[in-house]
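Asker:
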Amino acid sequence: MGTFKAWVVDKTEGGQNLAFRDFDEADLMDGDVTVRVGHSTLNYKDGLALTGRSPVVRRFPMIPGIDFAGTVETSDHPDYKPGDQVVLTGWGVGETHLGAYAKKARVKGDWLVPLPEGLTPEQAMAVGTAGYTAMLSLMALDAHGVTPADGPALVTGASGGVGSVAVALLARAGWHVIASTGRASEADYLKGLGAAEILDRAELEKPGRPLGKERWAAAIDAVGSATLANVLAMTKADGAVAACGLAQGMDLPTSVAPFILRGVSLLGINSVTTPQKKRREAWARIARDLDLDKLASMTRTVGFEEVGRLGEAILAGQVRGRTVVKVA
Ligand code: NDP
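In structure tokens, the structure reads:
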């Protein structure tokens, strides 16, 4: 066993310190599959881990990075053998289990999915946790039974990672997509992904009334807080809102009015511990339904050494779409 390069978060008296340094393979945590990481990505939660802004890192030292695509190096798991290409999102990787911003990762084989057919490892990571969460949100709306015939679909935080993929997926599924963004300069970008209308997020982010004019039949919300409360207040009768994010805040200052007077449903989305069957179904649908040209148009790729300066940028809402980290 030797060492490999990794981004490492260490605990300090004042909080935490991030360093790009050699990491001893012998210090990897337990797992039955060791993976040579090829690509990782930047998600909002990675920003929290890299900066220490919220206590998502629960163990020190920690290698942050919540998702990766890579090649199996060694395996004691019956489903995987050396050379297999795999994808990992969630399961506490980069939070409680040593993560993806490293040349190597050792994880439980049960956490992995095979690289979805039709996607390259780089494309799978252009999707990453954010895009996979957008698909889980769409699947939740579908399961609820709401359809494009019922009215428009709103996406909040539309220029971000979850939002960009959600816009592309909803448009492809036939929805009239309203993209809410604080960045007017990204209107053409969002229309290119399939948005039919742009809504200034200022219209949603302040505390509002318990009920408003019914404007959309469905929504994917990456923002939470007062925005989610307003989204619920303006959802059409019997519509549904998939709540997956907290970019504005973790609170939800709402009332029961949308639920009991309009039959609106709030659908919770948790991508971290999704069971295997649903996970694989989501990835298969991504490979089938996501327009790869649109995926390319929302993605930029950065070098491994650049990870250290990305955390602040995503928390400041300055990152557009998806960012792939080329680790190998
Ligand atoms: P991004 O930073 O890429 O996207 C978030 C977007 O939200 C920003 O681009 C911005 O969009 C908008 N935004 C940012 N700050 C504010 C604010 N203060 N008020 C209103 N809108 C704001 O992050 P991701 O797409 O990676 O993640 C989005 C959210 O989803 C995060 O909260 C993340 O933690 C959560 N998430 C949850 C998962 C789950 O399992 N439930 C999985 C993955 C992500 P714009 O400029 O267009 O307004």
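Per the numbering used here, the very first residue in the sequence shown carries number -5; after that it's consecutive.
Every residue, glycine too, gets a C-beta built ideally from N, C-alpha and C.
Computed from a predicted model, the values in this text were never measured in an experiment.
CB-CB under 6 Å to G125, same chain, minus the five flanking residues each way: which ones, in chain order?
Answerer: Residues of the same chain with a CB within less than 6 Å of the CB of G125, apart from the 5 flanking positions on each side, are V159 in chain order.
Asker: Residues in its own chain within less than 8 Å of T68 by CB, not counting five upstream and five downstream?
Answerer: Taken in chain order, the residues that qualify are V27, T28 and P76.
Asker: Cβ atoms of P146 and G32: under 8 Å apart, would you say?
Answerer: no
Asker: For F62 and V3, which I take to be in contact (beta-carbon distance under 8 Å), what is that distance rounded to the nearest angstrom?
Answerer: With a Cβ gap of about 17 Å, F62 and V3 do not count as contacting.
Asker: Please classify M133: does DSSP put it in a helix, a strand, or coil?
Answerer: In this structure, M133 counts as helix in the three-state DSSP scheme.
Asker: Between which two residues does the alpha helix (DSSP H) harbouring F253 extend?
Answerer: Run containing F253: A251 to R256, per the alpha helix (DSSP H) assignment.
Asker: Going by CA-CA distance only, name the one from G218, A231, G188 and T268 that's closest to G206.
Answerer: Distance from the Cα of G206 is smallest, within the candidate group G218, A231, G188 and T268, for A231.
Asker: Taking only the alpha-carbon atoms, compute the straight-line gap between Q117 and I254 and give it to the nearest angstrom.
Answerer: 42 Å
Asker: In angstroms with no decimal places, state the Cα-to-Cα distance between L113 and A281.
Answerer: 6 Å
Asker: Identify, in the order they occur along the chain, each residue of the same chain with its Cβ nearer than 7 Å to the Cβ of H138, setting aside the five sequence neighbours on each side.
Answerer: A234, S259 and L261
Asker: Are the CB atoms of I375 and F14 nearer to each other than 8 Å?
Answerer: Because the chain in this structure spans residues -5 to 322, residue 375 falls outside the shown range and cannot be described.
Asker: Using a threshold of 7 Å, is the CB atom of I214 nearer than that to any non-hydrogen atom of ligand 1?
Answerer: no
Asker: Starting from K39 and walking both ways along the alpha helix (DSSP H), at which residues does that stretch end?
Answerer: Y38 to T45
Asker: Going by other Cβ atoms of all chains shown within 10 Å of its Cβ, with 16 needed for buried, is R203 buried or exposed?
Answerer: exposed
Asker: Give the straight-line distance between the Cα atoms of G86 and V101, rounded to the nearest whole angstrom.
Answerer: 11 Å
Asker: Hey, which unbroken runs of the alpha helix (DSSP H) at 4 residues or more fall wholly within the segment 229 to 296?
Answerer: 251 to 256, 270 to 283 and 286 to 291
Asker: In or out: S179 buried (at least 16 other Cβ within 10 Å) or exposed?
Answerer: Exposed, by the Cβ-count rule.
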